[in-house]
Ligand code: ASP
């Protein structure tokens, strides 16, 4: 190992601080996604530059990489409270069990159905395209070597699973202690179970007792969303650190080629999913794809630019009601729940990302593990908040449950933001699709109020 002299340390840290200050100035008026792309580019630049000095890699590992680790940790830190807040709020928004049994049951059933289709499309594509395998055996070996510790843990988990009975997954779903369950990101399914159970309890108790609790979780949810906002402020620097470290640690162009294939896989899946929506809408409601896509397109554009289904919700509701002919009674019930729990784009991405990371680490996932990914990606997308980057936070569960090293998150960070924008478009389109199907099934799908596609954007209210 090359020892850094104190002069090199001082020069490196000084240069880095100047770089950050200049970056902050340049990014002042940039939109967040540009900031992040900029951070990524600078990170790659710093990594490449540092690779040219024999002490560079060490300096990046000592002085830059820790910020990437802090950034990923802060995302993981909010995963448990995020599920608690967003799921309890989502379930209790169903208001009463009678309503739940008619519209709610149907809505949730179709939501889960489309999500499973999405995950399956993702899994099929990632197994056919195999984006992670385009990393050469050498690079893969390098990566596997550096994450040997994780691999050992994974093996232990896999071994213990092998020794357990067929119903163990079901037993594992129910925690015996919620504080204990919340203490590890690997137990996230248990937290999801608790949140849903709690939400149902909340629906069943008298209104006057439930209201303060609901209000608390409403506020709690807001706080969590704000925390994500704050974390996202650091995102350009976080990705800079992650990418710089990635470049110096695996100085191989293969990785970026492999990321290209990974992105192509996710995008192909997302496009296929939009085709599936159009087929569902046409098959069930006889509304043409041109009608559906034109009606919902402003919401899709907003979803693309905000990366948040929650921020897009008012526009989605307006378009679905006024331009697609869905009765307000249905749209106001189905869409807010959908924004919280129905994330087909996110689940598809989580499935592809999980298998991609496994492939990159040279792990072969057997059929049962892939079935497990369908279950966890479905649940993880339900638990993902409708805000930028939430899908990636929840990806941790999918990785943990499938025994894939969480460190692999660093591999996909580089392209996460653009993919987030695209998967959010699919999330919103999925919500609109389901609201049309539910409306049709209970006779609440009529003619659109507004037929001129271009008006009313942004919405009047
Ligand atoms: N940004 C996505 C949404 O709001 C969630 C995610 O996949 O990160 O729908």
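In my numbering, the protein residues as written are 572 to 1032. Where a beta carbon is used, it is the ideal one built from N, C-alpha and C, also for glycine. Note that the structure is a prediction, hence the values are computed from the model and not measured.
In its own chain, leaving out the 5 sequence neighbours on each side, no residue places its CB closer than 6 Å to the CB of residue 779.
With contacts defined by Cβ atoms closer than 7 Å, residue 662 and residue 772 do not form a contacting pair.
Taking the C-beta atoms as reference points, residue 855 is found nearer than 7 Å to residue 1011. Positions of the alpha helix (DSSP H) runs, each at least 4 residues long and wholly inside the region 811–875, are given as 824–856 in order along the chain. Separation of the CB atoms of residue 924 and residue 614 is rounded to 19 Å, and the pair is thereby denied contact status at 8 Å. By a beta-carbon distance limit of 8 Å, residue 952 contacts residue 686. Their separation comes to about 6 Å. Residue 752 places its beta carbon less than 7 Å from that of residue 762. Under the three-state reduction of DSSP output, residue 584 falls in the helix class. If you ignore the 5 residues before and after residue 907, its C-beta comes within less than 7 Å of the C-beta of 664, 884, all in its own chain and listed in chain order.
In the three-state scheme derived from DSSP, where H, G and I count as helix and E and B as strand, residue 936 is classed as coil.
Looking at 915, 982, 945, the one whose alpha-carbon comes closest to that of residue 999 is 915. Under the three-state reduction of DSSP, residue 986 is assigned to helix. When secondary structure is reduced to three states using DSSP, residue 738 falls in the coil class, being assigned neither helix nor strand. Using a Cβ distance threshold of 7 Å, residue 918 and residue 995 do not count as a contacting pair. If you draw a straight line from the Cα of residue 844 to the Cα of residue 898, it comes to about 25 Å. Look at the beta carbons and you see the region 933–953 touching the region 965–983: at least three pairs across the two are nearer than 8 Å.
For residue 782, the closest C-alpha among the options 1008, 807, 660 is that of 660. Across the structure, residue 987 and residue 777 are spaced so that their CA atoms are roughly 43 Å apart. Linking residue 1019 to residue 944 through their CA atoms gives a straight-line distance of about 39 Å. Three or more beta-carbon pairs separated by less than 8 Å link the region 627–638 to the region 583–595, which places the two stretches in contact. Per DSSP, residue 957 lies in no alpha helix (DSSP H) and is assigned neither H nor E.
A direct Cα-to-Cα measurement between residue 936 and residue 873 gives close to 37 Å.
At least one heavy atom of ligand 1 is found less than 6 Å from the C-beta of residue 994. Distance from the CA atom of residue 958 to the CA atom of residue 636, rounded to whole angstroms, is 26 Å. Annotated three-state conformation of residue 897 is strand, per DSSP. Ranked by Cα distance from residue 1015, the options 913, 911, 972, 891 are led by 891. About 14 Å separates the Cβ atoms of residue 798 and residue 641, ruling out a contact at the 8 Å cut-off. At least one heavy atom of ligand 1 is found less than 6 Å from the C-beta of residue 998.
Non-local C-beta neighbours of residue 693 in its own chain, meaning closer than 6 Å and more than five positions away in sequence, comprise 840, 919, 922, 923, ordered along the chain. Secondary structure note for residue 576: it is in no alpha helix (DSSP H), with a DSSP letter that is neither H nor E. Residue 870 is positioned such that its CB atom lies closer than 7 Å to that of residue 886.
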